[in-house]
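For the sequence shown, the working numbering gives the first residue as 477, with consecutive numbering after it. Ideal Cβ placement from N, Cα and C applies to all residues, glycine included. Computed from a prediction, not measured in an experiment: that's the story for all the values here. A short write-up of the structure that comes next.
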Amino acid sequence: MFSLKQPKPTFKSYLLPLPQADDHIMSEPRIKKLEPVLLPGEIVVNEVNFVRKCIATDTSQYDLWGKLVCTNFKISFITDDPMPLQKFHYKNLLLGEHDVPLTCIEQIVTVNDTKRKQKVLGPNQKLKFNPTELIIYCKDFRIVRFRFDEAGPESAKKVTCSVLHVFPDVQLECPKMSFWLLPVMSSGKTESVTTFLAVVSCSLIIAQVCLAIAHYSQPTDLQLLFAFEYVGEIYHNPAKKVNGIDPGGGGGGIGSASGQQTPLFETYSDWDREIKRTGASEWRVCSVNEGYMISTCLPEYFVVPSSLADQDLKLYSYSFIGRRMPLWSWNHPNGSALVRMANIKDVLQQRRIDQRICNAITRSHPLRSDVYKSDLDKCLPNIQEIQAAHIKLKQLCVNEPFEETEEKWLSSLENTHWLEYIRSFLKHSAELVYMMECKHVSVVLQEEEGRDLSCLAASLIQVMLDPYFRTIVGFQSLIQKEWVMAGYQFLDRCNHLKRSDKESPLFLMFLDCVWQLLEQYPAAFEFSEMYLTILYDSARISLFGTFLFNCPHQRVKESTKNYSSTLRGVPPALKNGIISEQEFLPRRNSLILKLKPDFLQQAESQSNSMEQYFRDWFAKPVDLHGVILPRISGTQIKLWKLCYFRWVPEAQINHGGFITAFHKVSLLADEVDTLNRNLRQYKSNSSLQGNCSELDQSRMYFRANSLNDTSGAPDFLSSSFPFSPVGNLCRRSILGTPLSKFLSGAKIWLSTETLANED
């Protein structure tokens, strides 16, 4: 007999059942809530879910999924996917692992694979296609790529239904698509309507995010940079902290280290202390520019020879370009002074004023030695040449795969002239060190405006001569004194507003020169190359007033204005800081050989004396607490790989590079420090508890677990530590966008050369 019971179904459906009529419109999709970490004053402008970030692999299986967020400070990719193939312990206090500050963005490209179109986005522009890909070109040589092609009907429908569930009265504005909507609605196909609305909604959201990034990354006014929002929020809510740290604790300047406050040289007392520190007894702090009454590109207080009266300074100031009078930088223990000066534009008064200034400097020297003047405009490459070399270096480091350029890579590097210019600055600065150290004469660095090349040369001379400037606090005070307060144009040279034709990476070149010294004498410095790289990155972030303005007066003036982060306008036509080949100045065949410093043209005896000084110095053991001189032969000037190659996977070596050696040295130094503290504790018979408290005071990044620690290198170490986690690497094989075409101004950059150009 057959049973009357219905047999149990054996088919198992893996599809969700359709909602019933009495159910809600649709339950919210089960999406883990991913929220960005926001700084004080930071707001979310737009965001999109179901975004795939392409990372450095030959396959997409390791790509990351998450949410792409645009704020008024950065673009942030948020994911809960575990990082593949990597254990990474380093964390930035202000930026997440996948964050890119808006001021670090150089160019934005949207792509539609189906229509084979692409478009370079500017502010307040429109998109005529739905992007399937977004490519972000960054100023730090990074290229970030996002894909939207998987954010299709199914995932988009979840987003739309979630929106409709929370906001049932929402209206999706899409005038161009309205004639499509009527026949779909009249057909009674609810599923099709939902799917269609989802696709339209998702496309609009993706386009809006792309446009928002382009809009907010190119502000039209300095007040629209995020720094003003950040400072305003901190001012009104001083209790706010970032990751448990008071973000306003640096006093408005570069910051502090080891509990010591960095002098900002904004007050009379800071300059007076520097005079006493260097023993410059015949120099005084001048307040003639108080309130910026004479020059807006000079600090309110600066140091001049004691024999120069304020009335004379006021009279002479009219003859200098920019009214930039001579500025004292530093004094050698033997009495020689380092002075910076702009050119004298008054031809009739030039000789008289120049003689008066030199006589005053001579009288400030205890031996009444002569003054040597170095014309930097004749001895060193100009800012246009440095910018051109930087562009070529970027092409070389990012564009071509190493395996395709291995044979010609070194010659290509030489053709950029970047290392040649590094060598010229080091060589010229070392020769001026000789003049002050051996010849006991004061040196005047002369430049047209006295606020570009002289910043770099004066800083390098002091790093070589004064060990104080090789400490963290000393180095920060050097940047504050010779760059910030001396009127280096960070706003224009870094091109924060992306509309300056004066862009030039002079500050990066200075850090590169310091890195060369650090590479040759690592034990002479308190900081590492990681510190220098982070310092360079800080100049690209619109957060620190240190690197935001063209002069101290602008900093004071802008701080009194109102600001808003809700409006962005269209900047005038710009070239993205890129100089075309026809605009390059005539190339020198050999800057070092053809354009020797002025003093090399003096008597043959002086030239021989200089060469003998260098031979004698290099023949002796190096005094790390005294003068250090650079080795400048071809093999000793190297490329700063950690800074320029940190986003390139081919440049990484697991458990290799300088960081592995640094790890071993750190463990050894920490072990020695621990033994010293134990020995002091043993001699003083102090309590064990007090000793444990003291043992926790180690300043080393890598610390020994015990006195017999034999553990190997951590898994997260590589030659690119700590800047290249897998999720941030740039792989040329999947980027599909040669940077050389972008740098040369071409409109079509994609690897598929036949893509139609979007007007």
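As computed with DSSP, Asp575 is found in a beta bridge with Ser552. Taking a contact as a CB-CB distance under 8 Å, the pair Leu814 and Val919 counts as one, their CB atoms being some 6 Å apart. Of Arg1107, Pro1198, Tyr1158, Leu610, the smallest CA-CA separation from Gln992 is found for Arg1107.
Around the beta carbon of Arg800, a 10 Å sphere encloses 16 or more other beta carbons of the protein chains shown; the residue is thus reported as buried. The three-state secondary structure of Pro998, taken from DSSP, is helix. Counting only the Cα atoms, Leu1118 lies some 23 Å from Val949.
Under the three-state reduction of DSSP output, Tyr848 falls in the strand class. For Trp806, the enclosing beta strand (DSSP E) has its first and last residue at 803 to 807. By the Cβ rule, the stretch 753 to 768 does not count as touching the stretch 918 to 935, because fewer than three pairs are nearer than 8 Å. About 19 Å separates the beta carbons of Phe617 and Val990, which is beyond the 8 Å limit, so they are not a contact pair. Taken atom to atom, the span from the alpha-carbon of Trp747 to that of Lys509 is near 52 Å.
When rounded, the separation of the alpha-carbon atoms in Gln1082 and Lys868 is 38 Å. In terms of Cα proximity to Asn807, the closest of Thr838, Gln825, Leu791, Tyr777 is Thr838. At least 8 Å separates the beta-carbon of Phe986 from that of Asn1026.
Annotation for Pro1028: the continuous alpha helix (DSSP H) segment containing it runs 1028 to 1034.
Less than 8 Å divides the Cβ of Gly598 from the Cβ of Ala690.
Distance from the CA atom of Val909 to the CA atom of Ile937, rounded to whole angstroms, is 6 Å. Gly798 carries a helical assignment under DSSP once its states are collapsed to helix, strand and coil. Cα atoms of Ile1129 and Leu740: separation of roughly 40 Å, rounded to the nearest angstrom. Phe983 sits buried, since 16 or more C-beta atoms from the chains shown fall within 10 Å of its C-beta.
According to the DSSP secondary-structure assignment, Ser1194 is paired through a beta bridge with Asn1130. When DSSP states are grouped into helix, strand and coil, Trp894 belongs to the helix group. Only buried fits Leu700, as 16 or more other CB atoms lie within 10 angstroms of its CB. Secondary structure at Ser918: strand, using DSSP grouped into helix, strand and coil. By the criterion of a C-beta distance shorter than 6 Å, Tyr792 is surrounded in its chain by Ile829, once the five residues flanking it on both sides are discounted. The DSSP-derived three-state label of Phe951 is helix. Beta-bridge analysis with DSSP links Glu609 to Val587, Arg623. Less than 8 Å divides the Cβ of Asn522 from the Cβ of Ala688. If you look at Trp541, you'll find it in the beta strand (DSSP E) that goes 540 to 547. Bridge pairing for Glu923: Ala818 [DSSP]. Judged by DSSP in its simplified three-state form, Pro943 adopts helix. Taking the CA atoms as reference points, Ile581 sits about 17 Å from His866. Ala813 has Asn807 as its beta-bridge partners, per DSSP. 8 Å or more divides the Cβ of Pro857 from the Cβ of Glu709. Glu907 sits buried, since 16 or more C-beta atoms from the chains shown fall within 10 Å of its C-beta. The residues Met961, Pro1028, in chain order, have a CB closer than 6 Å to that of Pro775 in the same chain once the five nearest residues on each side in sequence are set aside.
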